[in-house]
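Worksheet: the structure to be examined is printed underneath.
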Amino acid sequence: MSEDYRGMWKDLGLDLAGHDALLGVLSGAYRDIFLSQKNRPEGMGYFDFVMSEVHGLRIRELLDEKKTGRKIIGSYCVFVPEEIVLAANATLVGLCSGADFAMSEVEKLLPRNTCALIKSSFGFKLGKVCPYLESADMIVGENTCDGKKKAYESLGHLVNNLFVMDLPQVKSEQGRALLKSEYQRFRTAVEALTGVVITVESLMLAIQTVNAKRAAIHRLYSLRKADPAPISGLDALLANQVFFYDNPARFTDSVNKICDELEKRIAEKNGVFPEKTPRILISGCPQAVPNWKLPFIVETSGAVIVGEESCVEERGTRNLTDASGKTVDEMMEAIVDRYYQVDCAIFTPNPQRLEHIQEMAAAYKADGVIHYGLQFCQPYLMESIPVEKALEEKNIPTLRIETDYSMEDVGQLKTRIEAFVEQLR
Ligand code: BJ8
Numbered sequence: 340m341s342e343d344y345r346g347m348w349k350d351l352g353l354d355l356a357g358h359d360a361l362l363g364v365l366s367g368a369y370r371d372i373f374l375s376q377k378n379r380p381e382g383m384g385y386f387d388f389v390m391s392e393v394h395g396l397r398i399r400e401l402l403d404e405k406k407t408g409r410k411i412i413g414s415y416c417v418f419v420p421e422e423i424v425l426a427a428n429a430t431l432v433g434l435c436s437g438a439d440f441a442m443s444e445v446e447k448l449l450p451r452n453t454c455a456l457i458k459s460s461f462g463f464k465l466g467k468v469c470p471y472l473e474s475a476d477m478i479v480g481e482n483t484c485d486g487k488k489k490a491y492e493s494l495g496h497l498v499n500n501l502f503v504m505d506l507p508q509v510k511s512e513q514g515r516a517l518l519k520s521e522y523q524r525f526r527t528a529v530e531a532l533t534g535v536v537i538t539v540e541s542l543m544l545a546i547q548t549v550n551a552k553r554a555a556i557h558r559l560y561s562l563r564k565a566d567p568a569p570i571s572g573l574d575a576l577l578a579n580q581v582f583f584y585d586n587p588a589r590f591t592d593s594v595n596k597i598c599d600e601l602e603k604r605i606a607e608k609n610g611v612f613p614e615k616t617p618r619i620l621i622s623g624c625p626q627a628v629p630n631w632k633l634p635f636i637v638e639t640s641g642a643v644i645v646g647e648e649s650c651v652e653e654r655g656t657r658n659l660t661d662a663s664g665k666t667v668d669e670m671m672e673a674i675v676d677r678y679y680q681v682d683c684a685i686f687t688p689n690p691q692r693l694e695h696i697q698e699m700a701a702a703y704k705a706d707g708v709i710h711y712g713l714q715f716c717q718p719y720l721m722e723s724i725p726v727e728k729a730l731e732e733k734n735i736p737t738l739r740i741e742t743d744y745s746m747e748d749v750g751q752l753k754t755r756i757e758a759f760v761e762q763l764r
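Quick note, the sequence shown lines up with residues 340 to 764 if you use this note's numbering.
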C-alpha cells in the first residue's frame with residue numbers, strides 16, 4: 340500500500356506505528372495464505388486488490404463520500420439493515436473485529452474470558468488502528484449475546500454516537516414487533532444523522548441494490564456445489580468478507596464476473612482441488628478479516644470447504660427482501676420479515692438453524708461439518724451440541740472445535756482436522 344495514505348491515517352487519529360504493525364501482519368498473512376494457493380480464478384485479482392487497499396483506497400473513497408455530505412455508519416452485526424442506511428444516503432461498513440490487538444489494554448475493560456470477536460473490536464478502538472471505526476459518523480451496537488450487550492455499555496464511553504439496537508431473543512409475535520419497532524427507531528436515527536427522509540423511491544432502490552449484492556453471492560454459493568470445487572473455501576470466504584466493505588454495485592459486478600469464470604471452470608472440470616476431495620461445511624461463529632486460521636488449516640489438510648453456515652456467509656446473506664411493497668411502511672415490513680429469518684444462536688429455541696445446517700450439508704454434498712466456536716461464545720458453543728446431534732441423525736460426521744484468534748493452537752487444530760479429514764475419505 341502506498342505511503343500516500345499516511346497523512347489520511349494521521350488525520351483520522353490512527354496510531355501510525357501500531358497501524359503499520361497491523362498492516363505488516365495482515366499483508367504477510369495474506370501473502371502466505373491467499374497468494375500461495377494454486378490455480379486461483381483470475382477474478383480473485385479484484386478481491387486481492389480490494390484487500391491490499393482495504394485501509395487505503397477504500398478509506399479514501401469513504402472520506403471523499405463524506406466530503407459530499409454522505410455519512411458512514413459502522414456495524415458489528417448482520418442484523419443492521421443496509422437497506423435503511425442506503426435509502427438515507429449513507430454507507431454501511433463492517434467494523435474490524437478479526438484479530439487480537441492491544442489485548443493488555445482491552446483486558447482492563449473487559450474480562451479475560453470474553454470472546455475474541457468482542458475483544459478484538461475493543462482492541463482496534465483502543466489501539467487506534469481501525470480507519471473504518473474512526474471514519475464512522477454512527478456506530479451501531481446490537482443487543483445480541485450477553486457479551487456484546489454489556490460490552491456496548493463500555494464502548495459507549497469510547498466512541499461518539501453509538502446507537503444500540505435492541506433485538507429479540509425469541510421468535511414470537513412480540514419478538515417480531517420488537518424488531519419492527521427497533522428498525523423504525525433506527526430509521527429515525529439514521530434520518531436525523533443524514534438529514535435525509537427515506538422515500539418510496541430511495542427505499543426501493545436500496546432494497547434492489549442490496550438484493551442484487553445478495554443474489555450475486557448466492558450465485559457464488561451455488562457454484563460451490565460442483566465437484567471438483569471451482570473455488571477454494573478461502574477465496575469464497577474472502578469474497579464474503581469484502582461484502583462488508585466494498586461499494587455495493589461494484590461488489591455485485593465483481594462477484595458476477597467471477598461467477599461467469601467459475602461456470603466455465605465447472606464446464607471444463609477445472610477445480611482448485613481434485614475431484615472427490617473431502618468436502619467440508621463450516622458452521623458457527625462469524626470469521627471476520629483477518630481471521631483465516633481455520634479455513635487455511637482445513638484446506639492445507641486435504642479437504643476443501645464448500646460452504647459456511649456463518650454470518651460472514653450464508654446465515655447473513657441468504658434471504659432477499661421482498662421488493663413488491665408500494666409504500667415505505669410496506670417495504671419496512673418486508674425488511675423486518677427478511678432479517679427476522681436470521682437464525683443467530685442468540686435465539687431460543689433456534690430449530691431453524693439446525694434445519695438449515697442439515698439442508699446445507701445435503702445441498703453442498705458435504706462429507707463432514709466442522710463446527711467453529713469461539714472460546715467463551717456461549718450461544719454458539721452451547722448450540723454446537725444440538726448441531727452435532729442433528730447432523731448425527733443424518734449420518735454426517737461432525738467435528739466441534741473451540742478456538743480464538745491466537746496462533747498457539749494451530750498445531751493441535753491441524754492434528755485434529757487432519758484426523759477428521761482422514762475419517763471422511
Ligand atoms: S447475527 S452471530 S453477527 S450476533 S462470537 S460476539 S455471539 S460471544 S458475533 Fe454475531 Fe450478529 Fe449473531 Fe451474526 Fe457473541 Fe459469540 Fe462473541 Fe458473537
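A virtual CB, placed ideally from N, CA and C, is assigned to each residue, including glycine.
Q: Look up leucine 431 in the DSSP assignment and say whether it is helix, strand or coil.
A: strand
Q. DSSP on histidine 710, reduced to helix/strand/coil?
A. strand
Q. Name the DSSP beta bridge partners of valine 389, please?
A. DSSP, once it has assigned bridges, lists no residue as partnering valine 389.
Q: Return helix, strand or coil for arginine 654, following the three-state DSSP convention.
A: It is helical.
Q.
Taking 7 angstroms as the cut-off, is the beta-carbon of isoleucine 685 closer than that to any non-hydrogen atom of ligand 1?
A. yes
(Q) Just checking leucine 456 against ligand 1 - is the residue's beta carbon closer than 7 angstroms to any of the ligand's heavy atoms? (A) yes
Q | Residue from Asp354, Ile423, Leu396 and Gly413 with nearest C-alpha to isoleucine 546 | A | Sorting Asp354, Ile423, Leu396 and Gly413 by C-alpha distance to the C-alpha of isoleucine 546 places Ile423 at the top.
**Q.** Cβ contact check for the segment 354-363 and the segment 467-483: 3 or more pairs under 8 angstroms
**A.** yes
Q) Between serine 520 and alanine 528, what straight-line distance do the alpha-carbon atoms span, to the nearest angstrom? A) 12 angstroms
Q. In whole angstroms, what is the alpha-carbon distance linking histidine 695 and glutamine 626?
A. Across the structure, histidine 695 and glutamine 626 are spaced so that their CA atoms are roughly 19 angstroms apart.
(Q) For the beta strand (DSSP E) containing glycine 623, name the first residue and the last one. (A) Here the beta strand (DSSP E) through glycine 623 covers 618-623.
Q) Taking just the CA atoms, how far does glutamine 513 sit from aspartate 387? A) 44 angstroms
Q. Since aspartate 566 and glutamate 614 are thought to touch, with beta carbons under 8 angstroms apart, how far apart are those beta carbons, to the nearest angstrom?
A. 6 angstroms
(Q) Could you tell me the alpha carbon to alpha carbon distance between valine 726 and leucine 693, rounded to whole angstroms? (A) Separation of valine 726 and leucine 693 (C-alpha to C-alpha, rounded to the nearest whole angstrom) is 6 angstroms.
Q | With 16 other Cβ atoms within 10 Å as the buried cut-off, status of arginine 407 | A | The displayed chain sequence assigns threonine, not arginine, to residue 407. Classification of threonine 407: exposed, given that the 10 Å Cβ count is below 16.
Q | Inter-residue Cα distance where the pair is isoleucine 431 and asparagine 689 | A | A small fix is needed here, since residue 431 is leucine in this sequence, not isoleucine. The alpha-carbon atoms of leucine 431 and asparagine 689 are separated by roughly 28 angstroms.
(Q) Considering only DSSP beta bridges, list what glutamate 648 is partnered with. (A) Ser622
**Q.** CB contact flag (isoleucine 605, asparagine 579, <8 angstroms)
**A.** no
Q: Taking only runs that begin and end inside the segment 523-587, name each unbroken alpha helix (DSSP H) of 4 or more residues, in chain order.
A: 539-562 and 572-581
(Q) Below 7 angstroms, is the gap between the Cβ of cysteine 416 and the nearest heavy atom of ligand 1? (A) yes
Q: State the Cα-Cα distance for the pair leucine 396 and leucine 763, rounded to the nearest angstrom.
A: 43 angstroms
Q. Smallest Cα separation from isoleucine 621: which of Ser493, Ile644 and Tyr719?
A. Ile644
**Q.** DSSP three-state assignment for valine 783, whether helix, strand or coil
**A.** The requested residue 783 is not part of the displayed model; the chain covers only 340 to 764.
Q | Delimiting residues of the beta strand (DSSP E) encompassing threonine 742 | A | 737-742
Q: Please say whether lysine 458 and methionine 442 have beta carbons closer to each other than 8 angstroms?
A: yes
Q) Using a Cβ-Cβ cut-off of 7 angstroms (strictly less than) and excluding sequence neighbours within five positions of glycine 488, which residues of its own chain qualify? A) The sequence as given places lysine at residue 488; glycine does not occur at that position. If we look at lysine 488 and ignore the five residues flanking it on each side, its Cβ neighbours are Asn482.
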